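Worksheet for the structure shown next.
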Amino acid sequence: MTNANKVVVLGVGVTKFERETAKGLDELGKEAALMALKDAGMKYSDIQMGFCGNVYQMGAAALTFYSMGKTGIPITRIDIACASSTRSVQLASACIESGHYDPCMLIGVEKMPRGMVPMPIDPEAVSTKNEMLYDGLNGLITMPGAYAHHIVRHMHLYGTKPEHIAQCAVIADKNSCLNPNAVYGKERSLEEVMNSRMIAYPLTMYECCANCSGATSVIVCSEEKAESYNGKPVELAGWDGASMKYVKGDPVETSISEGYTPGAAERAYEMAGVGPEDIGVAQVHDAFSSGVIIHIEELGLCPKGEGGFFVWEGNTEIDGKIPVNTDGGVVGRGHPIGATGGAQIAELVWQLRGEAGKRQVKDPEVAILQNSGLGATNVMIFKKM
Amino acid sequence: MAESEKVPMTGGEERLKISPDGEAHLIGMKCKSCGETIFPKASLCPNCSSEDFEEVALSTKGKIWSYTVVHASYGNIIGLEPPYPAAFVELSGGGYVHTAIVGCDPDDVKVGMDVEMDLLTVGESEGKEEVAYAFKPAST
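Protein chains in written order, with the working numbering: chain Z, 1 to 385; chain G, 386 to 525.
Right, dumping it as structure tokens:
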């Protein structure tokens, strides 16, 4: 797109993520949005388009944006499960590239009960022959189960061990102690993680994220528009999203993956004009800790098959070769489903600005995120300006 | 007393064919455009979007391609008590099926294990036995 505007992130905001809160999702959304506006040096009336990343509340766009003001702008709730907030920012970026709406705001917000996430199929709404419903009735559908299938095949092919997967959770918990917004901020040992209740072999309870309530907000605009404000812009240099793709000989990728990440990564790298070797800090979607191993390979951050050993040897720690999920990731932060992607974006923006405090990685210039959910995987690449 | 006729559980009518003599197999489709074997059947080939395919009988034997052991689930109507293994089975001659593994200790399940189809009673409807397919270790 030769005449496309350059897109920048100008403001971000993240609330504390909690297992339970008395705050309504309208309050949470407003809290995050006010932080992002202050960060960008903007007024709410400057915003030309709003996206609300939210899965469980019909009317969430109205509930959140009307709590900010009634300026008549187009607002839309985006639900693509755990990838809602990053998909929102991608769609906003497409509007900014064309100049149609500039600036745009994401408010990602979720209020969730404890326990298993509700099964995402309403039997009344789908045909009896629907694949997901049939497999669900046969007891085959669970989110940790889907991640587990991926990693068990990986263990068989590459010798990855349960300890490598558990170590992803150990690092996540350790990093979360440096993140004041994280739900628990509590370290756990490898033994504690591995001995916790089995959920879907090989994934134990402490390798699974906790459902949370919380909100995130991201403001994007053109580079040109950013000059009118006192914010600290970070460039959104490349991005792409994908859904599940048929892959010959790979029934797991074909039937239960969250989307074809390698394809989205390739297009994002091409758009940004960088490669994996340029990445200084990363965020990947670890709703279950095996996601770290699978996704760092898909992003080309380590050779295919070596993800388990790469993590085990310390390469993804804050002081490692490629720091991953420096704020705890999904497992360490907690997971307000529709809002999670906003926290990934915020952490990378803080890292590139040099504002990540105790979590700060040394001089990153380029950052990458991968965020996924039922029906989507998103890859976004940011550059320091 | 004669065994009652077996019929696929609701939703499985296009997945499982059971003959009057009790022989059962999975129904897949073979795309005439790209050659892929697909299970379950779909309106368009998921690989190439072609509508040109033929129905095929799939093998009742295969190997475990990947698996997990489900300890926490949303429940099931086929009588499985957690923990139970759930697997993708690569069928001989083509096709993959997402299925429960029955008839063995969950700890014994391995990638590459030989398995064969089994039928589980789910319920009864109009004097017929409703069944669902699952897979069990192959009898050697």
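Glycine residues also receive a C-beta, built at the ideal position from the N, C-alpha and C atoms.
Bear in mind that the values here come from a model prediction, so they are computed numbers and not experimental data.
- prompt: Going along chain G in order, which residues have a C-beta closer than 9 Å to the C-beta of N181 of chain Z?
  reply: Correct list: empty, because the minimum Cβ distance to chain G is about 27 Å.
field: Top-ranked residue by Cα proximity to A60 of chain Z, from Z:M42, Z:D79 and Z:Q48
entry: Of Z:M42, Z:D79 and Z:Q48, the residue nearest in Cα terms is Z:D79.
message: So that I know if they touch, is there some Cβ in chain G lying closer than 8 Å to that of A148 of chain Z?
response: Cβ-Cβ to chain G under 8 Å: yes for A148 of chain Z.
query: If you measure from the CB of D250 of chain Z, is any heavy atom of the ligand ATP nearer than 7 Å?
result: Summarising the ligand content, the structure contains no ligands, and the ligand ATP is consequently not present.
message: Just to confirm before moving on: does the CB-CB distance between T142 of chain Z and S451 of chain G stay below 8 Å?
response: With respect to the 8 Å criterion, T142 of chain Z and S451 of chain G are not classified as neighbours on the basis of their beta carbons.
- prompt: In three-state DSSP terms, what is R77 of chain Z?
  reply: In the structure shown, R77 of chain Z sits in a strand (DSSP, three-state: E or B).
Span of the beta strand (DSSP E), counted from its first residue to its last, around S451 of chain G: First-last of the beta strand (DSSP E) with S451 of chain G: K446 to V455.
Q351 of chain Z and V366 of chain Z closer than 8 Å at C-beta: No, they are not a contact pair.
query: Along the stretch 150 to 177 of chain Z, what residues have a CB closer than 7 Å to any CB found in chain G?
result: For the stretch 150 to 177 of chain Z, the residues whose beta carbon sits under 7 Å from a beta carbon of chain G are, in order, V152, R153 and H156.
query: What is the rounded straight-line gap between the Cα of P522 of chain G and the Cα of V500 of chain G?
result: Straight-line spacing of the CA atoms in P522 of chain G and V500 of chain G works out to 4 Å.
query: Can you check whether the CB of A182 of chain Z is closer than 8 Å to the CB of D319 of chain Z?
result: Contact: no.
message: Per the DSSP calculation, W239 of chain Z is bridged to which residue(s)?
response: BP columns for W239 of chain Z point to Z:M380.
field: Cβ-Cβ distance between G259 of chain Z and G53 of chain Z below 8 Å
entry: Result no, Cβ atoms of G259 of chain Z and G53 of chain Z do not sit closer than 8 Å.
query: Quick one, which residues of the stretch 448 to 466 of chain G are near chain Z if we go by CB-CB under 8 Å, in chain order?
result: For the stretch 448 to 466 of chain G, the set of residues with a beta-carbon nearer than 8 Å to any beta-carbon of chain Z comprises W450, S451, Y452, T453, V454, V455, H456, A457, S458, Y459, G460, N461, I462, I463 and L465, in chain order.
Buried versus exposed call for R400 of chain G [16 or more other C-beta atoms within 10 Å across all chains shown]: When all chains shown are included, R400 of chain G counts as buried.
field: 8 Å Cβ shell around L443 of chain G - same chain, five flanking residues per side excluded
entry: Beyond the five residues adjoining it in sequence on each side, L443 of chain G comes within less than 8 Å, by CB distance, of H410, L411, I412, G413, T422, F424, L476, G478, G479, G480 and V482 in the same chain, given in chain order.
- request: Taking all protein chains shown into account, decide if K111 of chain Z is buried (16 or more other Cβ within 10 angstroms of its Cβ) or exposed.
  value: By the 10 Å Cβ count, K111 of chain Z comes out buried.
task: Would you mind stating whether E355 of chain Z and G214 of chain Z have Cβ atoms separated by less than 8 Å?
output: No, these two residues do not count as a Cβ contact at 8 Å.
message: Suppose only complete runs of 4+ residues qualify. What are the alpha helix (DSSP H) ranges in the stretch 450 to 510 of chain G, listed by chain order?
response: Whole alpha helix (DSSP H) segments, 4+ residues: zero.
query: If we cut at 8 Å on Cβ distances, does E131 of chain Z have a partner in chain G?
result: Taking Cβ atoms only, chain G reaches closer than 8 Å to E131 of chain Z, which makes this a yes.
message: Below 8 Å on the Cβ atoms is my contact criterion, and I expect G139 of chain Z with N461 of chain G to pass it. Report the Cβ-Cβ distance as a whole number of Å.
response: A Cβ-Cβ separation of about 3 Å places G139 of chain Z in contact with N461 of chain G under the 8 Å criterion.
query: F424 of chain G by DSSP, collapsed to three states: which one?
result: Of the three classes helix, strand and coil, the one that applies to F424 of chain G here is coil, per DSSP.
query: What residue from Z:C209, Z:E131, Z:G231 and Z:K30 has the CA that sits closest to M68 of chain Z's CA?
result: Among Z:C209, Z:E131, Z:G231 and Z:K30, the Cα nearest to that of M68 of chain Z belongs to Z:K30.
Where E297 of chain Z falls: helix, strand or coil (DSSP): In the three-state reduction of the DSSP assignment, E297 of chain Z falls in the helix class.
task: Find out if the Cβ-Cβ distance for the pair T216 of chain Z, S93 of chain Z is shorter than 8 Å.
output: It is not a contact, given that the beta carbons lie outside the stated cut-off.
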